[in-house]
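These notes concern the structure reproduced below.
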Amino acid sequence: MLLNEDTAPVTILIADDHLLMAESVSAVLQSTDRFEVTIVPDYPSALKDVTANNPDMVLLDIRMPGMQGLASIEEMLGASDDTKVVLFGGDIEPTLARASLELGVDGIIEKGMSVTSFTSAINLILSGQVFAPVHLPAAAPAGIEGDVLNDVETSILTRAAGGMKNKEIGTDLALTEVSVKMHMRSICRKLGARNRAHAAMLSRDLGLI
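Each step along the sequence shown adds one to the number in numbering that gives the first Met the number 0, with nothing skipped, and position 38 is 37.
Quick look at the structure:
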């Protein structure tokens with residue numbers, strides 16, 4: 000989502016059991032009058048909120064109750080097509096950073112970043128770019144540069160462009176709903192799309208469907 004005065008507020012979920020940190024981040028974001036922020040203290044609450052409310056972004060603390068490393072990250076990525084999933088931590092291990100980006104997270108933000116850098120990173124991620132600190136040796140997400148859609152992705156996008164929901168697409172292609180969501184995130188990354196509707200539009204322009 001690009002930020003301007005005419006758009007609806009950007010909804011951000013902060014999932015962090017350190018209340019003071021979460022409230023400080025919330026205050027920074029809401030001082031611009033462009034963000035609506037919700038705070039939850041654990042991973043199960045975050046997953047429930049993302050599934051039910053589809054916020055624009057979730058800031059996911061890597062060490063909080065219920066968080067189980069890459070398994071939780073992958074589950075969160077499958078919970079919503081459009082929510083930007085951003086890891087948020089004080090000391091993010093490089094191997095975890097690399098693996099998370101390869102899974103499809105939209106960014107990695109370290110706690111302690113300056114206010115100016117933090118808001119710039121948030122805006123960059125919302126614009127569709129992937130953000131990670133330069134000192135983390137994280138590989139670019141798989142498929143982001145130059146790859147065309149594979150047969151499964153083309154089939155999914157064709158059906159999504161025709162108005163089918165994820166569950167319907169999964170039934171039609173003998174895939175789970177979570178698998179369809181993961182494929183849709185990959186599609187959006189390959190096309191540089193903001194969401195499934197944007198992906199459908201770009202794919203038509205490119206003659207992919």
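Where a beta carbon is used, it is the ideal one built from N, C-alpha and C, also for glycine.
Treat the numbers as computed from the prediction; the structure is a model and nothing was measured.
Rounded to the nearest whole angstrom, the CA to CA distance from A120 to N165 is 30 Å. Judged by their CB atoms, L172 and S185 are not nearer to each other than the 8 Å cut-off. Rounded to whole angstroms, the Cβ separation of F87 and I72 is 12 Å, and the two are not in contact under 8 Å.
Here DSSP, grouped into helix, strand and coil, assigns T37 to strand. For G68, the enclosing alpha helix (DSSP H) covers residues 68-76.
Sequence-distant Cβ neighbours of E22 in its own chain, meaning closer than 8 Å and more than five residues away, are I38. Residue pairing by DSSP puts A14 in a beta bridge opposite V39, L59.
Ranked by Cα distance from V129, the options G106, S113, A98, N149 are led by G106. With contacts defined as CB atoms closer than 8 Å, L76 and M181 qualify as a contacting pair.
Fully contained in the region 82-140 are the following alpha helix (DSSP H) runs of length 4 or more, in chain order: 93-102, 114-125. With distances taken between CA atoms, I208 lies nearest to N149 out of N149, P54, P64. Between S79 and A198, the alpha-carbon positions lie close to 15 Å from each other.
The beta-bridge partner set that DSSP reports for V9 consists of F34. Within the model, the alpha-carbon separation for P8 versus A26 is close to 15 Å.
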